[in-house]
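Heads up: the sequence shown at position 156 corresponds to 156 in UniProt numbering, and the numbers run straight through without jumps.
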Amino acid sequence: MRVAPCSTLHAFLCVAAWLRLGSAVRMAEVSMPDPICRLIAGGIASGTAKTAMAPFERVKLILQTSHKYANALEALRRIPAEEGVASLWRGNVANLARIVPTYAMRFALLDNFRAAVRLGAPAGTRLTLAQELCAGALAGAAVCVVTHPLDLARTHLAVASGAHASAGVRGTLGLFVRKYGVVGLYRGLAVSLLEIMPYTAISLGGFEYIKASLSASHVDPRSKLAASWLSGLCASLLCYPLDSVKRRLMVDGVTGGGMYGGSIARCITTVIRLEGARGLYRGCLLNALKSAPTFAATATMNDLLKVWLGCGVAAHSAKAR
1 MRVAPCSTLH AFLCVAAWLR LGSAVRMAEV SMPDPICRLI AGGIASGTAK TAMAPFERVK
61 LILQTSHKYA NALEALRRIP AEEGVASLWR GNVANLARIV PTYAMRFALL DNFRAAVRLG
121 APAGTRLTLA QELCAGALAG AAVCVVTHPL DLARTHLAVA SGAHASAGVR GTLGLFVRKY
181 GVVGLYRGLA VSLLEIMPYT AISLGGFEYI KASLSASHVD PRSKLAASWL SGLCASLLCY
241 PLDSVKRRLM VDGVTGGGMY GGSIARCITT VIRLEGARGL YRGCLLNALK SAPTFAATAT
301 MNDLLKVWLG CGVAAHSAKA R
């Protein structure tokens, strides 16, 4: 089965037109607490985009953690033939259980952290690039600590086979607890934080900075899409090696002997010694083709949904009164 990389964006553009058409009406009708409004917008946007790109996500995880397939095209061809088309979405439920609250909280916390770093500045002052990057990094780190166990389960389910593949989220988390104790739910957390902080700094912070740099007349869905695509692509390419290390540490030794002993340095040196530096970039091209449009659709749809749901309208009305 072939899934067009632009399928998410095609669907997004259709939804965007509908959201823009109804935004004025919804802003007048909706009266929702602002934090809930922002959580809903981020959750819907991320869930839609991630489900559309789930096959590419599973292939990327397999390429990062094993050598079963030579490249992404071979994996996309053989997986449906060997395991069925539905297997391309294996682990997606665990991913959605993680990604929907993750992005919902990331976007909501980003707004809070942006407000925090702006404290004391005159009204209307634009944040500097450093402030935007700092807000993005803090939002990513805060959410990572909360959702890491679900990311662990999703990674294990995506690369598992046989009985382990059908264990489900609860069974997978139970496996880690039985084998490593409760602390096992946070295997790879250190490298996750090392990876996610620069990733969200560049993707979220970079997106907000580029968006703020555009003149008001140019801030439309297409411009936001381009800005978020660029920031998402840069974040994906720069942070990919650490993401590979994180995934390898998550699955190392769970079903057999481990190679890395939970050490980030040992994992990096072992991969470079056995596979060369390119081993840290296995699946990088596929990830760039997947992550950039997924983040672009998620970030831009989140902005549109916030307008459509009237996020911030109630707060502004209260201040006016």
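Yeah, the Cβ is synthetic: ideal placement off N, Cα and C, and Gly gets one too.
These figures come from a predicted structure and were not determined experimentally.
- With distances taken between CA atoms, A137 lies nearest to T200 out of P241, T200, V100.
- Rounded to the nearest angstrom, the gap between the Cα atoms of R38 and S223 is 21 Å.
- For the pair of segments examined, the region 100-111 was found not to touch the region 170-178: the number of CB pairs separated by less than 8 Å stays below three.
- In terms of Cβ geometry, A297 and A49 form a close pair [threshold 8 Å].
- Taking 8 Å as the upper bound for CB-CB distance, C239 and P198 are in contact here, some 6 Å apart.
- For C144, same chain residues with a beta-carbon under 7 Å away, outside a window of 5 residues either side, are S192, L193, I196 in chain order.
- Counting along the chain, G42 sits inside the alpha helix (DSSP H) bounded by residues 34-52.
- The beta carbon of V146 lies closer than 6 Å to none in the same chain, with the five residues before and after it left out.
- Unbroken alpha helix (DSSP H) runs of no fewer than 4 residues, entirely contained in the region 218-275, are found at 221-251, 264-275, following chain order.
- For the 8 Å CB-CB criterion, A292 and W229 form a contact.
- Rounded to whole angstroms, the gap between the alpha carbons of S231 and V219 is 16 Å.
- Judged by DSSP in its simplified three-state form, Y186 adopts helix.
- Cβ-Cβ separation between R90 and A158: approximately 6 Å, consistent with a contact (criterion under 8 Å).
- Relative to T155, the option among N92, L127, G279 whose CA is nearest is N92.
- One Cα belongs to S203, the other to F113, and the distance between them is close to 15 Å.
- Proximity to L225 across G120, G206, P33, C284 peaks at G206, based on C-alpha coordinates.
- Proximity to K246 across G47, L274, G262 peaks at G262, based on C-alpha coordinates.
- Within the UniProt repeat "Solcar" (127-213), complete alpha helix (DSSP H) segments of at least 4 residues are found at 129-159, 168-180, 189-200, 206-213, given in chain order.
- For the set S236, S87, C284, the Cα lying nearest the Cα of A72 is the one of C284.
- Per DSSP, the continuous alpha helix (DSSP H) segment holding W308 begins and ends at 284-309.
- Across the set R118, Q64, A139, T300, the C-alpha of T300 shows the shortest separation from the C-alpha of I210.
- Non-local beta-carbon contacts of T102 in its own chain, meaning distances under 6 Å to residues more than five positions away in sequence, involve V143, T147 in chain order.
- For N92, the uninterrupted alpha helix (DSSP H) run begins and ends at 92-117, by DSSP.
- Around the beta carbon of I272, fewer than 16 other beta carbons lie within 10 angstroms, which makes this residue exposed.
- When T128, G310, L63 are compared, the shortest CA-CA separation from V251 is found for L63.
- In this structure, the beta-carbon distance from L152 to L185 falls below 8 Å.
- Taking the CA atoms as reference points, T269 sits about 11 Å from M259.
- In the three-state scheme derived from DSSP, where H, G and I count as helix and E and B as strand, S66 is classed as coil.
- Between the alpha carbons of K179 and K68 lies a gap of roughly 25 Å.
- With respect to N95, E57 sits close: the two C-beta atoms are nearer than 8 Å.
- If you ignore the 5 residues before and after S236, its C-beta comes within less than 7 Å of the C-beta of N287, A288, S291, A292, all in its own chain and listed in chain order.
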